[in-house]
Each structure stands twice: as structure tokens, then as C-alpha cells.
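J.:
There are 2 protein chains.
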Amino acid sequence: MTETRTQRLPAAERRELMLDAASIVFGERGYAGTTTDAVAAAAGVSQAYIVRTFGSKEALFAETASRAVSRIKAVFRQAAASESAAEESVEERLGRAYVDLVADRGILLTVMHLLTLGHHDKFGPLAREGFLSIYRVLRDEVGLTPQEAETFLAKGMLINTMLGLRLPDIAATQPDAGELLTCVLEGAADEVVTLSTKHQPLGQAVRHSD
Amino acid sequence: MTETRTQRLPAAERRELMLDAASIVFGERGYAGTTTDAVAAAAGVSQAYIVRTFGSKEALFAETASRAVSRIKAVFRQAAASESAAEESVEERLGRAYVDLVADRGILLTVMHLLTLGHHDKFGPLAREGFLSIYRVLRDEVGLTPQEAETFLAKGMLINTMLGLRLPDIAATQPDAGELLTCVLEGAADEVVTLSTKHQPLGQAVRHSD
DNA sequence: GTCTATAAAGGGATAGAC
DNA sequence: GTCTATCCCTTTATAGAC
Numbered sequence: 378m379t380e381t382r383t384q385r386l387p388a389a390e391r392r393e394l395m396l397d398a399a400s401i402v403f404g405e406r407g408y409a410g411t412t413t414d415a416v417a418a419a420a421g422v423s424q425a426y427i428v429r430t431f432g433s434k435e436a437l438f439a440e441t442a443s444r445a446v447s448r449i450k451a452v453f454r455q456a457a458a459s460e461s462a463a464e465e466s467v468e469e470r471l472g473r474a475y476v477d478l479v480a481d482r483g484i485l486l487t488v489m490h491l492l493t494l495g496h497h498d499k500f501g502p503l504a505r506e507g508f509l510s511i512y513r514v515l516r517d518e519v520g521l522t523p524q525e526a527e528t529f530l531a532k533g534m535l536i537n538t539m540l541g542l543r544l545p546d547i548a549a550t551q552p553d554a555g556e557l558l559t560c561v562l563e564g565a566a567d568e569v570v571t572l573s574t575k576h577q578p579l580g581q582a583v584r585h586s587d
Numbered sequence: 378m379t380e381t382r383t384q385r386l387p388a389a390e391r392r393e394l395m396l397d398a399a400s401i402v403f404g405e406r407g408y409a410g411t412t413t414d415a416v417a418a419a420a421g422v423s424q425a426y427i428v429r430t431f432g433s434k435e436a437l438f439a440e441t442a443s444r445a446v447s448r449i450k451a452v453f454r455q456a457a458a459s460e461s462a463a464e465e466s467v468e469e470r471l472g473r474a475y476v477d478l479v480a481d482r483g484i485l486l487t488v489m490h491l492l493t494l495g496h497h498d499k500f501g502p503l504a505r506e507g508f509l510s511i512y513r514v515l516r517d518e519v520g521l522t523p524q525e526a527e528t529f530l531a532k533g534m535l536i537n538t539m540l541g542l543r544l545p546d547i548a549a550t551q552p553d554a555g556e557l558l559t560c561v562l563e564g565a566a567d568e569v570v571t572l573s574t575k576h577q578p579l580g581q582a583v584r585h586s587d
């Protein structure tokens with residue numbers, strides 16, 4: 378066993394590592410299904426240190442989920458804003474946007490889990506606000522119409538669900554899974570193109586840091 | 378307090394009541410977030426009795442989720458199959474199908490939660506199979522093309538997410554929530570009509586009991 | 001900056017009474 | 001058919017050592 382453990386690291390850096398780990402674990406198991414111990418194991422630190430660093434499991438999730446929402450918005454903004462740079466079309470940008478998101482497996486799934494917490498006293502408001510803020514980015518900064526944004530969101534959620542379900546893993550043996558998957562992914566490619574050819578010009582999309 | 382508690386009931390009947398309660402609670406909180414105690418409280422029985430009746434929390438969820446998946450399929454089948462009866466069009470049937478589903482608040486949300494359990498040893502396979510079986514009903518019995526089924530599923534999931542988020546509750550104060558909501562719901566109505574005018578004839582859709 | 005040890009609470013499951 | 005009481009494991013959070 379090559380134990381890389383127990384190395385002293387600057388707090389900020391270690392913090393990022395812990396959030397990365399949290400993103401993955403929360404993305405897999407959701408808030409209630411995740412133990413701080415599992416996050417600790419994934420981050421290679423002790424359970425107590427996780428709690429000490431973030432204060433509580435709730436605070437850890439709030440931070441992880443907020444970060445995930447921000448990243449999604451950042452990726453969409455980037456896809457829309459860099460219209461001018463290079464010879465890359467907005468279509469390609471938007472296509473890559475989703476790929477970028479999916480590359481970090483935890484981000485999208487953590488947000489999906491956040492979206493199941495509407496009933497929660499503390500996370501419910503966070504979830505609603507996060508969802509609406511993503512919608513606003515698509516509408517106001519990417520320049521989609523409400524209908525386009527809605528279709529985009531719907532398809533994105535279906536894709537995320539299928540990824541969370543691990544349908545790709547069984548596509549080989551289950552023909553229907555493969556069919557649905559290719560159908561949706563092709564559709565998504567179309568989708569991106571369709572949208573990007575219709576959306577209104579957006580000038581320099583303002584980059585709030587939120 | 379009008380306590381209706383501690384009434385002896387036939388086992389089968391009590392069982393149904395417990396499953397109804399479980400459907401609501403699991404739908405709100407998900408599998409991991411639900412305690413058998415909460416289900417017991419909702420059903421008006423003791424926690425021990427819930428566990429004794431179903432054997433374990435896992436078994437209770439498996440049964441609740443399976444029942445929910447079956448009901449969804451049943452509603453879709455019904456919408457498609459009763460084409461002949463009365464002067465009601467298939468459009469109206471499909472429209473009502475969703476309304477019927479949403480009426481029982483727990484059904485859809487329980488399935489949504491099931492769909493987040495792809496990683497789970499036991500529920501993962503159940504989730505994948507449930508999802509694919511719903512897809513098959515839409516494709517093989519309702520007669521949608523893969524693309525139509527996919528669009529239908531995507532929009533359905535977006536609606537379910539928004540309901541779970543309780544967006545309708547804040548639509549009054551949050552203009553954007555209202556906008557998205559009306560946009561999606563109108564779209565859904567269109568959707569149903571659009572689909573139903575295009576799908577292939579389906580004869581007598583076979584009614585498996587599963 | 002990070003760990004070990006442990007307290008305190010929560011929750012699933014079992015036993016047995018009625 | 002249904003409840004009360006209770007066991008025991010899991011999990012969050014704290015205290016304090018290094």
C-alpha cells in the first residue's frame with residue numbers, strides 16, 4: 378500500500394481536496410446517504426478532520442453543492458461568452474460545455490441530489506435558488522428563450538439521470554439501454570446545435586463571480 | 378385528538394395503508410433520508426410493526442418503489458389502450474395520465490428517488506430495470522418512437538423535479554419560477570398532443586400484470 | 001494541520017406481552 | 001394483529017494529544 382497519508386498541507390489546498398472528495402461521494406449517495414466517514418476516506422483524512430474543517434455535515438454539503446452549482450453556471454457562461462475568441466463556433470462551445478461538466482463526475486450528480494431536497498428546511502431554499510439561478514444564466518446570459526432553456530434543462534436532467542443510473546455500464550448487454558442512450562446523446566448533440574443557431578446575440582455576457 | 382389508532386385490520390388492508398404512507402415519505406425524503414419511524418407515524422402504526430410486516434427497511438423500499446413503477450406503467454398503458462372506448466381522444470387520455478400520476482404525490486417522487494440509486498448494490502439493478510421497463514411501455518405499448526419517448530421522459534423528469542423542488546409554492550413571489558413552470562406545463566400539454574398525433578397505431582396493447 | 005479516542009444521539013431490528 | 005421495551009450498531013460531533 379502506497380500510503381500518501383498524513384502529509385501536512387496548506388489549509389486552502391487540503392480544503393479543495395476535501396471538497397473534491399465530497400463532491401464525488403455526495404454525487405453517488407446523496408446527502409442523507411453519505412457519511413462524513415466516507416468523505417474522509419475518499420479525501421484521505423480522518424473523519425474528525427472533515428467535521429472540524431467544515432463545522433458540520435450540513436455545512437459541508439451546503440458548500441459542496443453551492444460550488445457545484447457555481448461551476449455549472451461558470452461552464453455555461455464560458456460556453457456562451459467566448460463566442461468571439463478563436464474560430465470555434467458557439468455550437469462547439471456548448472457541446473464542450475456539457476462534456477466538461479460530465480468529466481467531473483461529481484458536479485452534475487451532486488446538483489441532481491440537491492434538486493431532490495426541496496422538502497428540506499435548510500437545503501430546500503438552496504435547491505430552489507440554485508435551480509432558478511441556472512435557468513437565469515441560460516436565459517439571460519446564454520440567451521436562450523424560456524422554451525429553449527426548458528428543453529435544454531429537461532434533456533440535461535434525463536442525461537444526468539441515465540448517467541447516475543449507470544446505464545452505459547449495461548448498454549452492452551441490454552439493447553434497450555443502448556438504444557435510449559444513443560438516442561438521447563445524439564438528440565443532445567442536435568439540441569445544442571439547434572439551440573445555438575437560434576438564440577439571440579448576447580454581446581459580452583457579464584461574468585458575475587457569485 | 379381523534380385517535381383512530383390501534384384498530385385491528387385485515388393484514389392485506391393494513392399493508393396497503395403502510396405502503397401508501399411509505400410512498401409519501403420515501404417520495405419526500407428518499408431512501409436514505411427516510412426512517413422507518415417516520416413511515417410508521419404516517420401510517421399510524423408502530424415502528425416495530427412496519428419492520429415486522431416488511432422484514433426490513435430495504436424490503437419496504439423495494440416493494441414501495443416497485444409498486445410505484447408498476448403504477449406508472451399501468452397509467453401509461455391505460456392511456457394508450459383505451460383508445461377505442463368512449464369519444465375520448467388519445468390526447469385527452471395521455472393528458473389525464475400525467476394528472477392521475479401527479480395526483481398521488483408519492484408515486485412519481487418515489488420513482489425519482491429510485492432513479493438516484495444507480496450506485497446501490499441492491500436498488501441499482503432495480504432502478505435500471507424500472508427505468509427501462511417504463512421506456513419499453515412507452516415505446517412498445519403506447520407506440521412512441523424512441524425519440525418521442527425520450528422527449529416525453531425528459532420533460533416528465535423536469536416536471537417531477539420542479540414539483541419535488543416545490544417551485545409552485547414560490548411561483549407567486551419568484552417571477553422566474555412562475556415563468557419556467559407555466560412554460561414547462563404548457564409545453565407538456567403541447568407535448569402530449571404532439572406525440573399522440575404522431576404515434577403509430579397500437580391495436581390492443583397487451584396488459585401484463587407485472 | 002491532523003490524528004485518536006470517545007461521548008452522545010439516532011435508528012433498524014428483535015423479543016415478548018396483549 | 002399490533003404494541004412497548006430494548007438492544008446494538010452506526011454516525012455526528014467534541015476533546016485533546018502530537
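Going down the list, the sequences are from chains A and B.
Residue 484 in our numbering is what sits at position 107 of the first sequence, and the numbering runs on without skipping anything.
Residue 468 in our numbering is what sits at position 91 of the second sequence, and the numbering runs on without skipping anything.
For glycine and all other residues, C-beta sits at the position ideal for the given N, C-alpha and C.
(1) With a cut-off of 8 Å, do at least 3 Cβ pairs link the region 497 to 511 of chain A to the region 429 to 442 of chain A?
(2) Quick one: list the residues of chain A neighbouring B/Ile449, beta-carbon separation under 9 Å, in chain order.
(3) Given a cut-off of 8 Å on the beta-carbon distance, is the pair A/Phe403 and A/His490 in contact?
(4) Is the shortest distance between the beta-carbon of A/Phe453 and the beta-carbons of chain B less than 8 Å?
(5) If we call anything under 8 Å between Cβ atoms a contact, is B/Leu544 one with B/Leu558?
(6) So B/Arg505 packs on A/Ile547, CB below 8 Å; how close in whole Å?
(7) Between the region 535 to 560 of chain B and chain A, which residues of the former have CB atoms less than 7 Å from a CB of the latter, in chain order?
(8) Does the region 528 to 537 of chain B come close enough to the region 529 to 540 of chain A that 3 or more CB-CB pairs lie under 8 Å?
(9) Report the residues of the region 415 to 437 of chain A with a CB closer than 8 Å to any CB of chain B, ordered along the chain.
(10) At a Cβ threshold of 8 Å, is A/Gly483 touching chain B?
(11) Threshold first: 4 residues or longer. Then list the alpha helix (DSSP H) segments lying entirely within the region 444 to 505 of chain B, N to C.
(12) Drop a sphere of 10 angstroms on the beta-carbon of B/Arg429, count the other beta-carbons inside from all chains shown, and report buried for 16 or more, exposed for fewer.
(13) Which residues in chain A sit within 7 Å of B/Lys532, going by Cβ to Cβ distance?
(14) Among B/Thr412, B/Thr441 and B/Leu485, which has the Cα closest to the Cα of B/Phe453?
(15) Under three-state DSSP, which class holds B/Met378?
(16) Pull up the distance between the alpha-carbon of A/Pro523 and that of A/Leu530, whole angstroms please.
(17) For B/Phe508, would you say it is in contact with chain A, using Cβ-to-Cβ distances shorter than 8 Å as the test?
(18) Does the region 552 to 569 of chain A come close enough to the region 509 to 526 of chain B to have 3 or more Cβ pairs within less than 8 Å?
(19) Please name the residue, chosen from A/Val446, A/Thr550, A/Ala549 and A/Thr528, that lies closest to A/Thr571 on a Cα-to-Cα basis.
(20) Nearest to A/Val519 by CA position, among A/Thr493, A/Arg470, A/Arg482 and A/Asp481, is which residue?
(21) Return helix, strand or coil for A/Ser423, following the three-state DSSP convention.
(22) Can you tell which of A/Gly472, A/Ser423 and A/Thr487 has its C-alpha closest to the C-alpha of A/Arg448?
(23) Can you tell me whether B/Thr441 is buried or exposed? The criterion is at least 16 other CB atoms within 10 Å of its CB, across all chains shown.
(24) Does the CB of B/Thr381 have a neighbour CB from chain A at under 8 Å?
(25) Run through chain B and tell me which residues come within less than 9 Å of A/Met489, C-beta to C-beta.
T.: According to the data block:
(1) These segments touch.
(2) Residues of chain A passing the Cβ test: none, with the nearest at roughly 15 Å.
(3) Contact: yes.
(4) No, A/Phe453 lies away from the interface with chain B (no Cβ there is under 8 Å from its Cβ).
(5) Note that the C-beta distance between B/Leu544 and B/Leu558 is below 8 Å.
(6) Between B/Arg505 and A/Ile547, the beta carbon gap of about 6 Å places them in contact (Cβ cut-off 8 Å).
(7) When C-beta distances to chain A are compared with 7 Å, the residues of the region 535 to 560 of chain B below that value are Leu535, Thr538, Gly541, Leu542, Arg543, Leu544, Ile547, Gln551, Asp553, Ala554, Glu556, Leu557 and Cys560, in chain order.
(8) Flag = yes, the region 529 to 540 of chain A and the region 528 to 537 of chain B touch.
(9) Correct list: empty, as no residue qualifies.
(10) So no, A/Gly483 is outside the interface.
(11) As far as the region 444 to 505 of chain B is concerned, its whole alpha helix (DSSP H) runs of at least 4 residues are 467 to 480 and 482 to 491.
(12) Exposed: under 16 other Cβ atoms inside 10 Å.
(13) Going along chain A in sequence order, the residues near B/Lys532 (Cβ under 7 Å) are Ala531.
(14) Residue B/Leu485 is the option with its Cα nearest to B/Phe453.
(15) Any reading at B/Met378 must be qualified, since the residue scores a pLDDT of 45, below 50, and its modelled position is unreliable; no value is offered.
(16) Rounded to the nearest angstrom, the two C-alpha atoms are 10 Å apart.
(17) For B/Phe508, the answer is yes, since a Cβ of chain A falls inside 8 Å of its Cβ.
(18) Segments in contact, yes.
(19) Nearest option by C-alpha distance: A/Thr528.
(20) The alpha carbon of A/Val519 has as its nearest neighbour, out of A/Thr493, A/Arg470, A/Arg482 and A/Asp481, the alpha carbon of A/Arg470.
(21) Here A/Ser423 carries a coil assignment [DSSP, helix/strand/coil].
(22) Minimum Cα distance to A/Arg448 is reached at A/Thr487.
(23) Buried is the call here.
(24) Model confidence at B/Thr381 stands at a pLDDT of 48, short of 50, so the residue's coordinates are unreliable; what they give is reported in the following sentence. Taking Cβ atoms only, chain A never reaches closer than 8 Å to B/Thr381, which makes this a no.
(25) Neighbours of A/Met489 on chain B, chain order: Thr493 and Thr538.
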